[in-house]
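S.K.: Sharing a structure below in structure tokens format, with a few things to ask.
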Amino acid sequence: MQLTDRNGSILSLRDVVKTYEMGAEKVHALSGVSLNMNRNEYVAIMGPSGSGKSTLMNIIGCLDVPTSGSYSLDGEMVADKSEGQLAEIRNRLIGFVFQTFNLIPRADIFHNVELPLIYGGVGKTKRRELTERAIEQVGLTDRKTHKPNELSGGQRQRVAIARALVFNPSIILADEPTGNLDSRTGEEIMAMFDRLHAEGQTIIIVTHEDHIADHAHRVIRLRDGKIESDKSTTDVAAA
Amino acid sequence: MRLLPDMLESMKIAWHSIIANKARGALTTLGIIIGIVAVTTTMTVFNGMQTQFMQSAGAVGADVVYVSRNPWIMMGDWFLYRNRPNIDMQEAEALEQAFRGRAIVNPNVDTRRDVRFRSESLGGVDVIGTTEKMLAMSNRIPEVGRFLMNHDVRFKKNVVVLASGIAEGLFGDVSPINKEIDIGPYKFRVIGVLEEQGGSTFGGPNLDRQVFIPITAFIKSFGGRRSMNVDVAVQAPNIDDLDDLEYEVIGEMRKIRKLKPAEDDNFTINKLDSLLGAFNSIVGAVLGIGLLVTGIALFVGGIGVMNIMFVSVTERTREIGIRKAIGAKKRSILMQFLFESAAICLFGGLIGISIAALIAAGINASGVMPANLSGGIMIAAVVVSIVVGVFAGLVPALKGARLDPIEALRYE
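Keeping their order, the protein sequence lines are chains Y and F.
Counting with this note's numbering, you get residues 1 to 239 for the letters of the first sequence.
Counting with this note's numbering, you get residues 1 to 412 for the letters of the second sequence.
Set out below in structure tokens:
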């Protein structure tokens, strides 16, 4: 069964259920989520804590698999994959941006950005070229030999974005990307996401802040493990 | 090819991790160093003993069988040999006759006597009566002068060849050649001095405390024919024929002694192999115990490394989560930590080998025991270090590799 449509759909979830066992109790983090996203969409996933948005993000990010239901990402049926295959999918198809940046402290900027290519087995010359380009895209070429702790929060998040971009992923998945930044720096980061979207990237941002969600062209709200609303705001953003 | 960048990355991380935790690494390494020093030194001493043994065993000759009354190594069953007849000169001559043209046969007799040169005297020296044929059967080469020759034996000349220890003991720096020494009550003229053999091994004869005289002169001076017990050396023309020769020697000797088919041999065939076997069983057991004890030291060192690797994995839980999120597989994480523990142990091993080399030099300088740190031992020590590292790192590395990326990313 081919769920992906070559021209449009990049990811598709059907009746995704995720249940956790907490002792004797079963917790339904997601209880039947279906959604479809197309290439070059700019989506915000919102919801209060406990709504299941983290679980959904983990499943979309292939860090976790659904208890039941199906998920396909860029033609890959994620639900039946082994751990190693999931690692490959994360490596090739997903660019993560985390709230706490999650850079490797001991490695310099260049090495941090290069890392996905190393795990993807890319040769040295090609790696250098792709890494230089990604660092240039976030405007940190002059900082590439610095360690993360020598950079400001905004710069660190730009490094994380460069790392997410470096392997040319199918989607960029950002989890509260401005949560640890002041609002001005946060806006700069969001401007960067806007630009990447304009260049053709598919971007999914998980957030609880409305002004962040405002950047997206589609807002999906979760409550109690279900989709509460799914609204396109393209006309607003286009204005 | 896909694995290569991943592997290089693992090595790089391992290296950075060790550099970042120098004090911790140094303490951990200490355990491995001690273990490797202990194991390597044990091997070194064993190896030195073996080398020395082989050297002195060269005096026996690998292609020679000895027909003797008793085995060289008697394991507590001496009563079996007590009533055996001595091998006398007539039997030795009969044996020589039997093998004429097929193998060299050389009779040896020995006794212990005091030897003296002017005021210098040495007690209980091994006096060996032999012939010129001995020279071809062993690795004992005259350093100065010459060995016994056929005419010395034929004309029962009172000439003597000294082993190096005797020459040194009696003459010091003076040349012994053509000097007359006393062996018991008889005068012998020194015609040669043998090269040094390197002392005795494990209660064997001290090869540097022997003197050699013509067997004819020996009989004339020290032996009524009856009381002598001859050792007959028979040399195979080719070392591959040694087993066949041994078989034939037994047959001839039984014929000479007119043994009935049902009777057991009342003589023994001795050869290098039986010495080696005895050496290996004794020293092998000592080595085994030594390695067991020192292996425990290494094992404890390995536990230390394992412990520190658990700390390393726990400390880097979040980093493991990050790496997994961006595509590191179990294999990559596993390699990262295995390289780290292997590198710690390899580093410890190299230091340990260096220290063991110093100890070996010290042992040799002390003269108590020989020690020989061979290339083989060094390579073995390096391999053992790495193996210990891999084993010590395996469980912690597996723990890290199996971490759930979501849990790991959440770890503070």
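Glycine included, each C-beta is placed from N, C-alpha and C at the ideal position.
None of these values were measured; they are calculated from a predicted model.
1) Residue range of the alpha helix (DSSP H) that VAL313 of chain F falls in?
2) Quickly, what does DSSP pair PRO142 of chain F with across the bridge? List them, please.
3) Using a Cβ cut-off of 8 Å, pull out every chain Y residue sitting near SER332 of chain F, in sequence order please.
4) Taking just the CA atoms, how far does ILE250 of chain F sit from LEU276 of chain F?
5) By the 10 Å Cβ neighbour count, where 16 or more other Cβ atoms means buried, how is LEU4 of chain F classified, buried or exposed?
6) Of all the CB atoms in chain Y, is at least one closer than 7 Å to the CB of LYS399 of chain F?
7) Along the alpha helix (DSSP H) that carries PHE117 of chain F, what are the first and last residues, could you check?
8) For the region 64-75 of chain Y, which residues have a CB atom closer than 9 Å to at least one CB atom of chain F, in sequence order?
9) Only counting runs of 4 or more residues, tell me where the alpha helix (DSSP H) segments fall wholly within the region 36-89 of chain Y, in order along the chain.
10) From LEU35 of chain Y to LEU13 of chain Y, what does the alpha carbon distance come to, in whole angstroms?
11) Can you tell me whether ALA213 of chain Y is helix, strand or coil according to DSSP?
12) Secondary structure at SER385 of chain F, three-state DSSP: helix, strand or coil?
13) Within the same chain, show all residues whose beta-carbon is closer than 8 Å to that of ASP5 of chain Y, passing over the 5 residues directly before and after it, in chain order.
14) Taking only beta-carbon positions, decide if GLU412 of chain F is within less than 7 Å of chain Y.
15) Less than 7 Å between CB atoms is the rule here; does LYS22 of chain F satisfy it with respect to chain Y?
16) Let's test the definition: count the other Cβ atoms within 10 Å of the Cβ of GLN201 of chain Y and tell me whether it reaches 16, buried, or not, exposed.
17) Specify, as a first and last residue, the run of the alpha helix (DSSP H) that PRO116 of chain Y falls within.
18) Do we get a CB-CB distance below 7 Å when we pair GLY327 of chain F with the residues of chain Y?
19) Please confirm whether PRO370 of chain F has its beta-carbon closer than 7 Å to some beta-carbon of chain Y.
20) Opposite LEU11 of chain Y in the DSSP bridges: which residues?
21) Any idea if ILE282 of chain F is buried or exposed, counting beta-carbon neighbours within 10 angstroms, 16 or more meaning buried?
22) Is the Cβ of ILE296 of chain F closer than 7 Å to any Cβ of chain Y?
23) Once you ignore the five residues that flank LEU151 of chain Y on each side, which residues in its own chain have a CB closer than 6 Å to its CB?
24) Answer with yes or no whether the minimum CB distance from PRO396 of chain F to chain Y is below 7 Å.
25) With a CB to CB cut of under 6 Å and the five nearest residues on each side skipped, what residues in its chain are close to GLU143 of chain F?
26) If you check the beta carbons only, do ALA59 of chain F and ARG140 of chain F fall under 7 Å apart?
27) In chain F, which residues lie less than 9 Å from ARG163 of chain Y when you measure between Cβ atoms?
28) Any beta carbon from chain F within less than 7 Å of PHE101 of chain Y's own beta carbon?
29) Pull up the distance between the alpha-carbon of VAL43 of chain Y and that of GLY121 of chain Y, whole angstroms please.
30) For ARG189 of chain F, write down the residues that DSSP places opposite it in a beta bridge.
31) Give a yes or no on whether 7 Å exceeds the smallest Cβ distance from GLY225 of chain Y to chain F.
32) From this set, F:ALA14, F:GLY25, F:MET7, which residue's C-alpha is nearest GLY304 of chain F's C-alpha?
33) Would you kindly report the start and end of the unbroken alpha helix (DSSP H) that includes VAL39 of chain F?
34) Starting from the C-beta of GLU168 of chain F, find all residues in its chain whose C-beta is less than 7 Å away, skip the five residues before and the five after it, and write them out in chain order.
35) Any contact between the region 9-29 of chain F and the region 329-343 of chain F? By contact I mean 3 or more CB pairs, one from each, below 8 Å.
36) Assign ASP208 of chain F to buried or exposed, taking buried as 16 or more other Cβ atoms, counted over all protein chains shown, within 10 Å of its Cβ.
M.R.: Taking the geometry as given:
1) As a first step, residue 313 of chain F must be located in the second sequence, where it is residue number 313. Its alpha helix (DSSP H) spans residues 272-315.
2) Here residue 142 of chain F is taken as the residue at index 142 of the second sequence, counted from 1. Answer is F:LEU194.
3) Along the second sequence, read from residue 1 onward, the residue named residue 332 of chain F stands at position 332. Neighbours of SER332 of chain F on chain Y, chain order: TYR119.
4) Start at 1 with the first residue of the second sequence, and residue 276 of chain F comes out as number 276. Start at 1 with the first residue of the second sequence, and residue 250 of chain F comes out as number 250. Their backbone Cα atoms lie some 21 Å apart in a straight line.
5) As a working mapping, residue 4 of chain F is identified with position 4 in the second sequence. Exposed, because fewer than 16 other Cβ atoms sit within 10 Å of the Cβ of LEU4 of chain F.
6) Translated into positions along the second sequence, residue 399 of chain F becomes position 399. Not one chain Y Cβ lies under 7 Å of LYS399 of chain F.
7) For the purposes of this step, residue 117 of chain F is identified with residue 117 of the second sequence, where counting begins at 1. Per DSSP, PHE117 of chain F belongs to no alpha helix (DSSP H); it is in the beta strand (DSSP E), 104-117.
8) ASP64
9) 53-60
10) For the purposes of this step, residue 35 of chain Y is taken as residue 35 along the first sequence, with counting starting at 1. For the purposes of this step, residue 13 of chain Y is taken as residue 13 along the first sequence, with counting starting at 1. Cα to Cα, LEU35 of chain Y sits roughly 5 Å from LEU13 of chain Y.
11) Numbered from its first residue, the first sequence carries residue 213 of chain Y at position 213. If DSSP states are grouped into helix, strand and coil, ALA213 of chain Y belongs with the helices.
12) Walking along the second sequence from the start, residue 385 of chain F turns up at place 385. Of the three classes helix, strand and coil, the one that applies to SER385 of chain F here is helix, per DSSP.
13) The sequence position of residue 5 of chain Y within the first sequence is 5, counting from 1. Bear in mind that the predicted position of ASP5 of chain Y carries a pLDDT of just 45, short of 50, making it unreliable; the figure below should be weighed with that in mind. Cβ neighbours of ASP5 of chain Y beyond the five flanking positions: none.
14) For the purposes of this step, residue 412 of chain F is identified with residue 412 of the second sequence, where counting begins at 1. No, no contact with chain Y.
15) Here residue 22 of chain F refers to the residue found at position 22 of the second sequence. It does not: the Cβ of LYS22 of chain F has no partner Cβ on chain Y nearer than 7 Å.
16) As a working mapping, residue 201 of chain Y is identified with position 201 in the first sequence. Buried, by the Cβ-count rule.
17) Taking the first residue of the first sequence as position 1, residue 116 of chain Y is located at position 116. First-last of the alpha helix (DSSP H) with PRO116 of chain Y: 109-119.
18) On the second sequence, residue 327 of chain F is found 327 positions in, with the first residue counted as 1. At least one chain Y Cβ lies under 7 Å of GLY327 of chain F.
19) On the second sequence, position 370 is the one that residue 370 of chain F refers to. So no, PRO370 of chain F is outside the interface.
20) As a working note, residue 11 of chain Y is residue 11 in the first sequence. Per DSSP, Y:MET37, Y:LEU73.
21) For the purposes of this step, residue 282 of chain F is taken as the residue at position 282 of the second sequence. That one is exposed.
22) As a working mapping, residue 296 of chain F is identified with position 296 in the second sequence. Cβ-Cβ to chain Y under 7 Å: no for ILE296 of chain F.
23) On the first sequence, position 151 is the one that residue 151 of chain Y refers to. If we look at LEU151 of chain Y and ignore the five residues flanking it on each side, it has no Cβ neighbours.
24) Within the second sequence, residue 396 of chain F is the residue found at index 396, counting from 1. PRO396 of chain F does not count as touching chain Y.
25) For the purposes of this step, residue 143 of chain F is identified with residue 143 of the second sequence, where counting begins at 1. Only VAL193, GLU195 meet the Cβ criterion.
26) What you label residue 59 of chain F is simply residue 59 of the second sequence in a count that begins at 1. What you label residue 140 of chain F is simply residue 140 of the second sequence in a count that begins at 1. Against a cut-off of 7 Å, the Cβ pair of ARG140 of chain F and ALA59 of chain F comes out as a contact.
27) Against the first sequence, residue 163 of chain Y aligns to sequence position 163. Correct list: ILE326.
28) Within the first sequence, numbered from 1, the residue matching residue 101 of chain Y stands at position 101. By this cut-off, PHE101 of chain Y is not an interface position.
29) Residue 43 of chain Y sits at position 43 when you count from the first residue of the first sequence. Residue 121 of chain Y sits at position 121 when you count from the first residue of the first sequence. Each residue's Cα considered, the two are about 31 Å apart.
30) As a first step, residue 189 of chain F must be located in the second sequence, where it is residue number 189. According to DSSP, ARG189 of chain F bridges with F:VAL159, F:GLU180.
31) Taking the first sequence and counting its residues from 1, one reaches residue 225 of chain Y at position 225. So, not an interface residue.
32) The count along the second sequence starts at 1 and reaches residue 304 of chain F at position 304. Of the listed residues, the one whose Cα sits closest to GLY304 of chain F is F:GLY25.
33) Residue 39 of chain F sits at position 39 when you count from the first residue of the second sequence. Residues 22-57.
34) By 1-based counting over the second sequence, the position of residue 168 of chain F is 168. Closer than 7 Å at Cβ, skipping near neighbours: no residue.
35) yes
36) Looking up residue 208 of chain F in the second sequence gives position 208. Label assigned to ASP208 of chain F: buried.
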